[in-house]
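Asker: Those sequence lines, one after another, are chains A and B.
Sequential numbering from 1331 applies to the first sequence in the numbering used here.
Sequential numbering from 871 applies to the second sequence in the numbering used here.
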Amino acid sequence: MIFLTTGTQLPFDRLVRAVDDWVETARPGYEIVAQVLPASRDPYRPRNFDARERLSPKDYAGILDKAQLVISHAGMGTILTALTRGKQICVMPRQVKYNEHRNDHQLATVERLKDYPGLFKARDEHDLPARLDAAMRSIGSSRPEAIGLFADAGFTDSLRNFILTGRT
Amino acid sequence: MSSPPKLMVVASAGGHWVQLMRLRKAWQGLPVIYLSTEPGLADIVASTARAEGNPPPDFISVTDANLSEKRRLLRQLAEVFLAVLRHRPDVIITTGAAPGYFALRFGKLFGTRTIWIDSMANAEELSKSGQEVGKHADLWLTQWEHLARPGGPHYMGAVL
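1) As a quick exercise: from A:F1480, A:Y1374, A:Q1398, A:T1408, pick the residue whose alpha carbon is nearest that of T1335 of chain A.
2) Decide yes or no for the touch test of the region 988–995 of chain B against the region 909–926 of chain B: beta carbon pairs closer than 8 Å, at least 3 of them.
3) Would you say E994 of chain B faces chain A, with C-beta separation under 8 Å as the test?
4) Pick helix, strand or coil for T933 of chain B, following the three-state DSSP scheme.
5) Taking the continuous beta strand (DSSP E) assigned at R983 of chain B, which residues delimit it?
6) Please state the DSSP three-state secondary structure of M1331 of chain A.
7) Measure from the C-beta of M1466 of chain A to each C-beta in chain B and report whether the shortest distance is under 8 Å.
8) Just confirm the distance between the C-beta atoms of T1012 of chain B and L890 of chain B, as a whole number of angstroms; I'd bet it's less than 8 Å.
9) For L893 of chain B, return the contacting residues in chain C, with the cut-off set at a CB-CB distance below 8 Å.
10) Report buried or exposed for V1440 of chain A, applying the criterion of at least 16 other Cβ atoms within 10 angstroms of its Cβ.
11) Check whether chain A comes within 8 Å of R983 of chain B, counting only Cβ atoms and requiring the distance to be less than that.
12) Using 8 Å as the threshold, is the C-beta distance between A1348 of chain A and L1458 of chain A below it?
13) Closer than 8 Å, CB to CB, is F1450 of chain A near chain B or not?
14) Is the CB of R1442 of chain A under 8 Å away from at least one CB in chain B?
15) What first and last residue would you give for the alpha helix (DSSP H) that runs through K978 of chain B?
16) Taking the alpha-carbon positions, what's the F951 of chain B to R945 of chain B distance?
17) Which chain A residues sit within Cβ distance under 8 Å of A973 of chain B?
Rendered as structure tokens:
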């Protein structure tokens, strides 16, 4: 199953449309489950899958668990959640020029974030189909190495020390 | 503080929350009150604490709001204020966004020790709230080394 999610804060029709087009041409052969916050004006209606507007944290976790591939905006939450569960994830950044976010931090995320096994970064809708194809090819081969559940122990130890003593 | 410090852990639901939870070893075993914007997280917090052998934490849900929703933001501000007033934590730790900012500012009124960890999503510049909160946070952190400055924000690590 492929899980497409735009998050619950802002619509992201450019991604939904690009995935819809890709599904039509690439025929990935997986069921698409989509969580899409529709645009307030003239929302895009996907032809190849149904979309739900909201998911409870429990439903979200259940769907993510079953997904072979996650497609989302370049949000740190979705990236971290997918990588800790060993899921393939393909992300595309929201951009201010399309009115998709308040600033271009998601572009920075895609540019600055290191490469992790299972993480596929598309720059825009033109780049997306190739990245999705690459992600699909890697599903069958090897399971991506999941990142750990916790941040680096050096970081959490320093924080704990500050919590307890007020000193760094 | 002779008894273990009481901690309030604050993040809006979504990416801020996911990042903060990756740091939970920092408060393992300490009394914790979680505050977020999604009531459904209460179950997850409770089951995680149980699975990791920690005492059941308190969980407070406040109104979700973004910066363009002034009325909801005001309601959130009031709810965060009441939560800080009622629980009087010794330490507040947050990754943002708005509820974390409010909690930190209110906490300072009561002499709370405060920690701001700017979201890893801000790789080119700090968030607006992250820049503004710097002078109020006792520990002011960025998760990107190239954004650290001698006077803060400082870099101690990242959640990934």
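Glycine residues also receive a C-beta, built at the ideal position from the N, C-alpha and C atoms.
These numbers were taken from a predicted model, which means no experiment stands behind them.
Answerer: Let me lay it out:
1) A:T1408
2) no
3) yes
4) Shown here, T933 of chain B sits in coil according to DSSP, grouped into three states, outside any helix or strand.
5) 983–987
6) Of the three classes helix, strand and coil, the one that applies to M1331 of chain A here is coil, per DSSP.
7) no
8) With 8 Å as the limit, T1012 of chain B and L890 of chain B do not qualify as a contact, their Cβ atoms being about 15 Å apart.
9) Absence of chain C from the displayed structure is noted, the protein chains being A and B.
10) Buried is the call here.
11) yes
12) In this structure, A1348 of chain A sits near L1458 of chain A, with a CB-CB distance shorter than 8 Å.
13) Among the residues facing chain B, F1450 of chain A is not included, as its CB has no counterpart in that chain under 8 Å away.
14) yes
15) 968–979
16) 10 Å
17) Within chain A, no residue comes near A973 of chain B; the closest Cβ sits about 15 Å away, beyond 8 Å.
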